[in-house]
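A.B. asks: Please read through the structure below; I'll follow up with questions.
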Amino acid sequence: LDGPMMVAVHAFPVLVASKDKRAVKPLLKLLGIAKTSELISAIIETLGGIGDPAAITPILAHHAGKDHSVRYRIRDAIIAIDDVSAVDQVRTIVVGLKNASGYEHWHLRSLLDHLEKRFPGK
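Remember, our numbering sits 151 above the position in the sequence shown when you count from 1.
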């Protein structure tokens with residue numbers, strides 16, 4: 152993952168298959184410097200596939216992006232990580248939205264609905 156990003160992406164499927172949590176920190180570093188929505192989506196998808204709850208907050212930091220593929224990858228990744236700590240984080244984001252019922256926030260409302268059903272009472 153320390154090589155050029157366009158080379159690093161070829162390791163993503165291997166990382167998901169291995170679920171090696173040692174890859175989370177380097178992936179989060181890549182996520183912090185990624186510029187294109189395609190790369191951001193791929194990194195988020197990989198982090199979700201690995202399933203480490205440490206990735207929840209950095210993944211959710213991209214919730215305001217305009218690209219639909221990033222929005223859907225965020226939703227899918229948080230669902231894949233399947234950790235109760237995501238409930239309050241997503242709820243806080245949704246409550247802070249100016250127009251939470253707007254279409255542009257469907258991914259977050261849907262994610263919150265899923266999490267509240269998955270972890271009732273949280």
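All C-beta atoms, glycine included, are put in the ideal place defined by N, C-alpha and C.
#1: Whose C-alpha, out of Ser236, Val160, Pro155 and Asn250, is nearest the C-alpha of Pro204?
#2: Taking 8 Å as the cut-off, does the region 211-219 touch the region 188-196 (at least 3 CB pairs, one atom from each stretch)?
#3: Excluding the 5 residues preceding and the 5 following Leu266 in the sequence, name in chain order all residues of the same chain whose CB lies nearer than 7 Å to its CB.
#4: Apply the 10 Å Cβ neighbour rule to Ile232 and answer buried if 16 or more other Cβ atoms are within range, or exposed otherwise.
#5: Spatial neighbours of Pro209 within its chain, please: CB distance less than 7 Å, with the 5 preceding and 5 following residues excluded, ordered by chain position.
#6: From Arg260 to Phe163, what does the alpha carbon distance come to, in whole angstroms?
#7: In whole angstroms, give me the CA-to-CA distance for His161 and Gly200.
#8: Can you grab the Cα-Cα spacing for the pair Asp227 / Thr197, in whole Å?
#9: Taking the continuous alpha helix (DSSP H) assigned at Phe270, which residues delimit it?
#10: Cβ of Ala206 within 8 Å of Cβ of Val175?
#11: With 8 Å set as the bound, which would you pick, yes or no: does the beta-carbon of Arg260 sit closer than that to a beta-carbon of chain C?
#12: Under a three-way DSSP split, which group does His219 fall into?
C.D. replies: In brief:
#1: Ser236
#2: yes
#3: Setting aside the 5 residues that flank it on each side, Leu266 is surrounded in the same chain by Ala237, Val238 and Val241, each with a C-beta closer than 7 Å to its C-beta; the list follows chain order.
#4: buried
#5: Leu179 and Leu182
#6: One C-alpha to the other measures close to 28 Å.
#7: 15 Å
#8: 11 Å
#9: First-last for Phe270: undefined, no H or E at that position.
#10: yes
#11: Annotation note: the requested chain C is absent from the structure, which comprises a single protein chain.
#12: helix
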